[in-house]
Each structure stands twice: as structure tokens, then as C-alpha cells.
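Asker:
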Amino acid sequence: MAATNARALARSSSNTKAPAFSLKDFLSSFMLVELFKGLAITGKYAFSRKITVQFPEEKTPLSPRFRGLHALRRYENGEERCIACKLCEAVCPALAITIESDVRDDGSRRTTRYDIDLTKCIFCGFCEESCPVDSIVETHILEYHGEKRGDLYFTKDMLLAVGDRYEKEIAANKAADAKYR
Numbered sequence: 020m021a022a023t024n025a026r027a028l029a030r031s032s033s034n035t036k037a038p039a040f041s042l043k044d045f046l047s048s049f050m051l052v053e054l055f056k057g058l059a060i061t062g063k064y065a066f067s068r069k070i071t072v073q074f075p076e077e078k079t080p081l082s083p084r085f086r087g088l089h090a091l092r093r094y095e096n097g098e099e100r101c102i103a104c105k106l107c108e109a110v111c112p113a114l115a116i117t118i119e120s121d122v123r124d125d126g127s128r129r130t131t132r133y134d135i136d137l138t139k140c141i142f143c144g145f146c147e148e149s150c151p152v153d154s155i156v157e158t159h160i161l162e163y164h165g166e167k168r169g170d171l172y173f174t175k176d177m178l179l180a181v182g183d184r185y186e187k188e189i190a191a192n193k194a195a196d197a198k199y200r
């Protein structure tokens with residue numbers, strides 16, 4: 020039994036041959052063909068047209084559905100649109116919106132506090148989609164900053180000021196997007 024196993028082992032080892040290393044393989048590895056192919060690609064892109072944008076001076080076009088800085092809107096008569104339904108607060112996945120409301124003398128509810136913490140906000144747009152009166156919108160403003168963490172905590176007055184300043188642009192964007200809503 021041991022003799023048959025030894026013969027089978029001898030037969031199988033004689034059938035396996037070492038891989039042949041051809042002259043072509045040797046020359047391609049010796050001449051560093053892959054290295055020169057990589058250098059050719061690098062050279063091609065080094066002298067091609069640059070695609071980098073110098074951001075503060077040059078601006079790239081924004082999508083019509085770009086979601087930037089938040090704003091609260093008013094009606095044409097100057098009254099705030101927000102009816103304090105708190106849908107935007109409920110739908111916010113980042114819990115970035117805080118709303119407090121109070122009942123007016125005429126029985127309607129209005130917000131007394133409407134805060135958005137932009138350090139938490141993920142700019143998903145759910146607040147804008149859930150608002151039944153188009154009160155909260157996300158503008159096309161992408162250049163805002165804060166030197167302290169508290170500078171990115173927007174209160175109701177700050178959001179209304181942004182909405183008042185950019186109302187024409189916001190209304191135009193809403194009108195352009197109306198057929199998709």
C-alpha cells in the first residue's frame with residue numbers, strides 16, 4: 020500500500036512543471052514597462068487643461084434644488100407664514116430645530132421661538148418638504164460661517180431677516196420648482 024502511494028506521488032510530481040519564464044516576461048520586467056506607462060499617464064495630465072476652480076473668485080453653477088442656509092418667509096402683508104404646526108421639528112432627523120409656540124388672542128398659534136442649530140443640521144430638506152405653508156425654506160446661500168459655535172445657532176429673528184433679504188430669489192426658486200412638487 021505504501022509502495023502504491025509512493026508511485027502515485029512520484030507520478031504527480033513529475034507531471035507538474037515549473038512555470039516557464041519567457042524572454043518577453045523578462046524584458047518587460049527588466050525594462051520597467053509598467054513604470055513608463057504610469058509616467059506617460061502622469062505626463063498627459065500634467066499638461067492638459069486644469070479643472071480646479073479658484074473658489075472665492077470663481078463660482079461654479081448651483082443646482083436649482085441646492086439646499087443651503089435656512090430662511091423663514093412672510094406673507095405679502097408682512098405676517099409670518101409659520102403656523103407652529105411643528106412638523107419640521109418632528110421630521111428633522113438631526114433634531115436641529117427647536118420650536119415653541121403660543122396661542123394668540125384670535126385663537127391662532129404662532130411661534131415664539133424658532134431656532135435651528137446649523138452645526139447639527141444635515142441639510143436634508145425634510146423640514147422644507149413637510150411645511151404646509153412654505154414657511155421654512157433652504158436658500159442657495161452657501162457662504163456663511165461662524166467664528167464660534169454659537170454663531171451657527173440661528174434664531175427666529177435671524178431666519179426672518181434672511182428670508183426678508185432673499186424673498187425674491189426664494190419666490191423665483193419656488194416658482195421654478197413648482198411643477199416638480
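Numbering-wise, the sequence shown is residues 20 to 200 according to my numbering. Heads up, the beta-carbon is just placed ideally off N, CA and C, and yes, glycines get one too.
Can you tell me where the beta strand (DSSP E) holding R132 begins and where it ends?
Answerer: It spans R128 to D136 - the beta strand (DSSP E) in which R132 sits, taken as one unbroken run.
Asker: On a CA-only basis, which of I102, N96, C104 and R84 is nearest F142? Give me that one, please.
Answerer: The residue with the shortest Cα to Cα distance from F142 is R84.
Asker: Inspect the beta-carbon positions of C150 and C111 and report whether they are closer than 7 Å.
Answerer: Against a cut-off of 7 Å, the Cβ pair of C111 and C150 comes out as no contact.
Asker: Could you check the C-alpha separation between E108 and A115 for me, to the nearest Å?
Answerer: Looking at the two C-alpha atoms, the distance is approximately 8 Å.
Asker: When you compare the region 88–101 with the region 177–195, are there three or more beta-carbon pairs, one atom per stretch, that lie closer than 8 Å?
Answerer: Yes, they touch.
Asker: What does the Cβ neighbour count give for Y133, buried or exposed, with the cut at 16 atoms within 10 Å?
Answerer: Flag for Y133 reads buried.
Asker: Thinking C-beta only, is A103 closer than 7 Å to R129?
Answerer: In contact: R129 and A103 (Cβ atoms closer than 7 Å).
Asker: Take the Cβ of V152 as the centre, count every other Cβ of all protein chains shown within 10 Å, and call the residue buried at 16 or more, exposed below.
Answerer: Looking at its Cβ environment, which holds fewer than 16 other Cβ atoms inside 10 Å, V152 is exposed.
Asker: Taking the beta carbon of Y64 as the centre, do at least 16 other beta carbons fall within 10 Å, making it buried, or is it exposed?
Answerer: The residue is exposed, with fewer than 16 neighbouring Cβ atoms inside 10 Å.
Asker: Would you report the Cα separation of K105 and Y185, rounded to the nearest angstrom?
Answerer: Taking the straight line from one Cα to the other gives about 24 Å.
Asker: According to DSSP, what are the bridge partners of A90?
Answerer: Bridge partners of A90: V156.
Asker: Answer with buried or exposed for S154, where buried requires no fewer than 16 other C-beta atoms within 10 angstroms of its C-beta.
Answerer: That one is buried.
Asker: Give the secondary structure of V122 by DSSP, where H, G and I count as helix, E and B as strand, and everything else as coil.
Answerer: V122: strand per DSSP, three-state reduction.
Asker: Across which residues does DSSP place Y64 in a beta bridge pair?
Answerer: Paired residue(s): none; Y64 is not in a bridge.
Asker: Output yes or no for whether 7 Å exceeds the beta carbon distance between F173 and I135.
Answerer: It is a contact, given that the beta carbons lie within the stated cut-off.
Asker: For R100, I'd like the list of residues in its chain whose CB is within less than 7 Å of its CB, leaving aside the five on either flank, ordered along the chain.
Answerer: Here the set comprises R92, R93, Y94, V152, D153 and S154.
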